[in-house]
Structure formats: structure tokens, C-alpha cells
Amino acid sequence: MLESLGSLAGSPWIYAVVALSVLLDVFLPVLPSGVLVITAATAAAAGTTTAAAGTTTGATGTVAQVPEEVPSLLLLMLCAFSASVLGDLAAFRLARRGGERLGRAIARSRRLTTAQERLGGTLGGGRGILVVIARFAPAGRSVVSLGAGAAHRKVREFLPWSALAAVAWTGYSAGLGYFGGQWLGTTWIGAGVSVLALFAAGALAAYVIRRPAPAPATV
-7 MLESLGSLAG SPWIYAVVAL SVLLDVFLPV LPSGVLVITA ATAAAAGTTT
43 AAAGTTTGAT GTVAQVPEEV PSLLLLMLCA FSASVLGDLA AFRLARRGGE
93 RLGRAIARSR RLTTAQERLG GTLGGGRGIL VVIARFAPAG RSVVSLGAGA
143 AHRKVREFLP WSALAAVAWT GYSAGLGYFG GQWLGTTWIG AGVSVLALFA
193 AGALAAYVIR RPAPAPATV
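Heads up: the sequence shown begins at -7 in my numbering, then just goes up one per residue.
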């Protein structure tokens, strides 16, 4: 994984690339923002692995391909978190002010319509955990952010849940890359296992948010 990134993994540009990808994937869900975070975090793990290996590593040459400069895990997570919240707010504001054209587009999308209906009373009722869960699902972030805006929820209702979702997603993705790199090595195997774990979380989140909402209790 480090080899595929080349010099980018050891360049300050990695922060800009990660931030831009996370910021824009609310509009372009095909962007591999999660994979980028995992890869950069794996590169960060390479730095601690190299330091821990000391002279033994130098003698064997097992980490000769690790870049001399590795990303800061804390700065990487801060960039991903900030970009996630800003992207959510941008989509939320866009949907909130989208007018009739966006309303017609949402009406044609069953996923967006369902999200709008479910979010109608979810955020105000303190049950915005759906926003956190959807952050892990493929395109779930887009559906929820646009749905919340189209439902004309208040920013103070949406923003705390968006921030919590960003913390959970960033921590999980960066943690997979960092600890996967430490435990399994900064190789394709370690990175591949981490990416599979991210996809597994996405599949589980998609299953949860697609389940029909429970019917209200009757007295």
C-alpha cells in the first residue's frame, strides 16, 4: 500500500488529498476517502514501527521501502474530521436551500425520500444515531445529509450528530490503518485486512439503515 502511494505518503500533500477526498465524497460517494485514510494511517504506523525496530531493522532491511517522512496520525485525523463535518454541512445547506428542483430530485429517489421521512422526527427526538450509522454505509452520508437538509431540520439538531459521526468514522478508519499496520505490518496484507474491515462496517451500517422504522406503539 505504501508503495502504491509513492512519495505522496511522505509528503505534506497527503493531508490535502485526504481532506479534499473526505470533503467531496458527500457529493461523489465513489471517492475512496476511507481507503485513503486507512492508507495514510498505515504509513503513520510505519514510522512507529521503524522507530521501534531500531538497528535490527536497519541490519535486515525489512523496512527499506518505508518513506523517510510519515504522516502525523493526529493531524491526519484532524483533517479527516474537519473535512467530514464541513462536507456534511455543505450538503445540508444545499438541500435546505435547494428549492423545488432539489425537491423533485429527492422525490425521484427512493433512498432520499425514505431518509427524509425517517429524519423528520429522528433528529428532534434525540435519536440522531441514524446519522452516525449512515456515515459508515456506502453513500449513506450523502443520503442523510441531503435528507436532513430537505426535511428542513435545524442546524443545531444536525451538527452535533454530524460531528459525532465524523469522530466515529475517522477514529475507526484511522485506527484500522494504524493498528493494522502495527499488528500485521505495513504491507498489502495489513492494508487489505483493514480495508475489508471498513467495508464490513459499511455493509452492516447499510443493513441497519435499510431496515424499516419500527411502527409507533399504540395505547
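For each residue, glycine too, the CB sits at the ideal point set by N, CA and C.
The three-state secondary structure of ALA143, taken from DSSP, is coil. Looking from the CA of LEU196, the closest CA among GLY132, VAL10, TRP5 and ALA11 belongs to GLY132. For the options VAL187, ALA72 and GLY177, the alpha carbon positioned closest to that of SER154 is the one of ALA72. Per DSSP, reduced to three states, the secondary structure at PHE128 is coil, with no helix or strand assignment.
Assignment of SER64 by DSSP, reduced to helix, strand and coil, places it in the coil class. With a threshold of 16 other beta carbon atoms within 10 Å, PRO24 falls short and is exposed.
Contact between TYR170 and LEU28 is ruled out by a C-beta separation of about 14 Å, above the 8 Å threshold.
Contact annotation: ALA142 and ALA198 have beta-carbon atoms that are not nearer than 8 Å.
Residues of the same chain with a CB within less than 8 Å of the CB of VAL159, apart from the 5 flanking positions on each side, are PHE73 in chain order. The C-beta of PRO63 has 16 or more other C-beta atoms within 10 Å across all chains shown, which makes the residue buried.
In the three-state scheme derived from DSSP, where H, G and I count as helix and E and B as strand, SER3 is classed as coil.
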